[in-house]
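Notes to accompany the following structure.
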Amino acid sequence: MNCYAIIVAGGSGNRMQNTVPKQFLLLDGIPVIMHTLQAFYRSAVNPEILLVLHQSQQTYWAELCKTYHFTVPHQVINGGEQRFHSVKNALSLISGKGIVSVDDAVRPLVSTQLIDKSFLIAEEKGNCVAGTTPTDSIRRLTGQGKSVAFNRNEFILVQT
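Note that the numbering used here has the sequence shown beginning at 101, numbered continuously upward.
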């Protein structure tokens with residue numbers, strides 16, 4: 101079965117109030133995005149990596165790859181207006197049957213074990229969403245300045 105990893109890296113850094121998008125910030129001496137791509141490359145599944153970047157970031161990315169001697173094989177795809185469009189752009193390049201993972205570029209600590217397990221479950225069950233059970237309390241605000249508590253065991257925090 102063909103396996104693909106769509107790594108979405110279109111963020112601009114606005115929410116972090118930073119001029120450098122978080123996927124390009126350094127973590128342990130290299131950009132965060134490189135850690136993410138390396139995790140997928142090192143996995144037993146070793147999917148074809150499709151990196152989705154805004155066109156304005158692609159030259160910078162190429163320069164970073166040269167600077168850090170980054171040789172993980174990947175294809176750069178033009179990002180869209182929103183995440184949905186970016187994923188759609190990458191999906192349009194996949195032909196035939198396969199298993200597709202969609203991941204944020206800014207999840208650099210994803211383990212190869214989680215990647216492999218997710219692909220395996222997706223192959224067995226038809227889909228898979230990696231997530232964790234929240235440890236914080238979860239409440240929904242009501243319109244009257246009050247809140248309603250929820251059982252956190254009924255929720256997962258999706259790790260995409």
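Glycine included, each C-beta is placed from N, C-alpha and C at the ideal position.
Bear in mind that the values here come from a model prediction, so they are computed numbers and not experimental data.
Same chain only: Cβ atoms within 7 Å of residue i, ignoring 5 sequence neighbours per side
| i | result |
| --- | --- |
| I133 | A109, Q123, F124 and A205 |
| N227 | none |
| L214 | A230 |
Residues bridged to residue i [DSSP beta-bridge criterion]
| i | result |
| --- | --- |
| G231 | V258 |
| E148 | Y104 |
| G198 | N102 |
| F250 | I238 |
| V176 | L151 |
| P208 | DSSP, once it has assigned bridges, lists no residue as partnering P208. |
| D203 | I107 |
| L126 | P131 |
Close-in-space but distant-in-sequence residues of the same chain around residue i (CB under 6 Å, 5 per side omitted)
| i | result |
| --- | --- |
| F170 | M134 |
| A284 | Lying before the first or after the last residue shown, residue 284 is absent from the chain, which here runs from 101 to 260. |
| R60 | Limits of the chain in this structure are 101 at one end and 260 at the other, which puts residue 60 out of reach. |
| Q155 | N178 |
| Q175 | L150 |
Rounded Cβ spacing between residue i and residue j (contact assumed at less than 8 Å)
| i | j | result |
| --- | --- | --- |
| M101 | E223 | 6 Å |
| Q259 | R207 | 7 Å |
| I256 | T233 | 6 Å |
| L137 | V172 | 5 Å |
Nonlocal neighbours in the same chain, by C-beta distance under 8 Å from residue i, ignoring five residues either side
| i | result |
| --- | --- |
| Y168 | I130, P131 and M134 |
| N189 | V152, I177, N178, G179 and G180 |
| T242 | V248 |
| G196 | N102 |
| S211 | A139 |
| S237 | A249 and R252 |
| L193 | L150, Q175 and I177 |
For this session: Please confirm if the region 215-222 is in contact with the region 134-146, defined as three or more CB-CB distances below 8 Å between the two stretches.
Result: Segments in contact, yes.
Exercise. Are three or more beta carbon pairs between the region 148-157 and the region 187-206 nearer than 8 Å?
Worked result: Flag = yes, the region 148-157 and the region 187-206 touch.
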